[in-house]
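Each remark here refers to the structure printed beneath this line.
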Amino acid sequence: MQETFTDSIMYPTESKVVPLSRQFLESSIALIDAAFSRDPTLAWCLSAQTPGFDARRTNYLRSYLQYHHDASLPVLGVWVRDALVAVSYFTPGSTTENTSSLAELGHQIASGCGKRSLHRIDLLRRVVESKLSCHDCSRIEFIAVSPLMQGHGIGASLLRTTLAYLQDIEPDKNVFLETGEVRNLPLYLRHGFSVRQRIGFPGLDQYLLRKDAVYGGLATSNE
Numbered sequence: 001m002q003e004t005f006t007d008s009i010m011y012p013t014e015s016k017v018v019p020l021s022r023q024f025l026e027s028s029i030a031l032i033d034a035a036f037s038r039d040p041t042l043a044w045c046l047s048a049q050t051p052g053f054d055a056r057r058t059n060y061l062r063s064y065l066q067y068h069h070d071a072s073l074p075v076l077g078v079w080v081r082d083a084l085v086a087v088s089y090f091t092p093g094s095t096t097e098n099t100s101s102l103a104e105l106g107h108q109i110a111s112g113c114g115k116r117s118l119h120r121i122d123l124l125r126r127v128v129e130s131k132l133s134c135h136d137c138s139r140i141e142f143i144a145v146s147p148l149m150q151g152h153g154i155g156a157s158l159l160r161t162t163l164a165y166l167q168d169i170e171p172d173k174n175v176f177l178e179t180g181e182v183r184n185l186p187l188y189l190r191h192g193f194s195v196r197q198r199i200g201f202p203g204l205d206q207y208l209l210r211k212d213a214v215y216g217g218l219a220t221s222n223e
């Protein structure tokens, strides 16, 4: 799931991309919550048409981002002056999921978002896993740019930095992402991803994309 951004205009003010610690969890939640306020995937999973969607979205993001930090998974942040303007949450392919932590995440989502939301999230995950063999791919979970800073190339720059980070630590791993926002597809294609599957649900078209690793001069694939 990624928010909408373009890479057509570069922001003129100097920015820096650095690893982001748990200290900035609340800032990350607020930033992603604003950037994903109209995200099609979250809208479908969390039933945007029913009252309480904003609270469910915030609760879901808080639960997942806490899980991500608890697992010591990588996070990158973009700073312009003293303001956090973009974040990237991603999971290296060598990561082993902790079943008890996942169970606790599910419990928190059910508590904060409702069992219907948890059911839809689990359904989407199961269908994605059945459609694309990418069990050991690195995954980009969220890339978000503050709504006030979108359209200046910050998202594209952060995507490139995230891919470079993954290439440095695991050059033999393919990179996977999924999105329900069709406007993002041209950007991902320009950065080496290809659409591998499209999953259709009533109210959601989810696109599964993968960037194959280039290792030793040859592209690798899990399929």
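Residue numbers (UniProt numbering): 1 to 223.
Using N, Cα and C, we set each Cβ at its ideal position, and we do this for glycine too.
Check, Outcome
"Option in Leu-124, Arg-210, Asp-39 with minimal Cα separation from Arg-183", "Asp-39"
"CA-to-CA distance, Cys-137 to Glu-181, given in whole angstroms", "21 angstroms"
"The region 185 to 197 contacting the region 28 to 48, beta-carbon criterion three pairs below 8 angstroms", "no"
"Backbone secondary structure at Pro-51 - three-state DSSP", "coil"
"Alpha-carbon spacing of Ala-55 relative to Cys-113, whole angstroms", "8 angstroms"
"Own chain residues within Cβ distance below 8 angstroms of Ser-8, not counting five before or after", "Note that Ser-8 has pLDDT 36, beneath the 50 cutoff, so the model's placement of it is unreliable and the number below is only indicative. Gly-151, Gly-153."
"Own chain partners of Leu-158 with C-beta closer than 7 angstroms, once the 5 adjacent residues on each side are dropped", "Val-17, Leu-76, Val-78, Ala-86, Ser-88, Ile-143"
"Residue(s) in a DSSP beta bridge with Ala-164", "Ala-164 is not bridged to any residue."
"Bridge partner(s) assigned by DSSP for Ile-143", "Ser-88"
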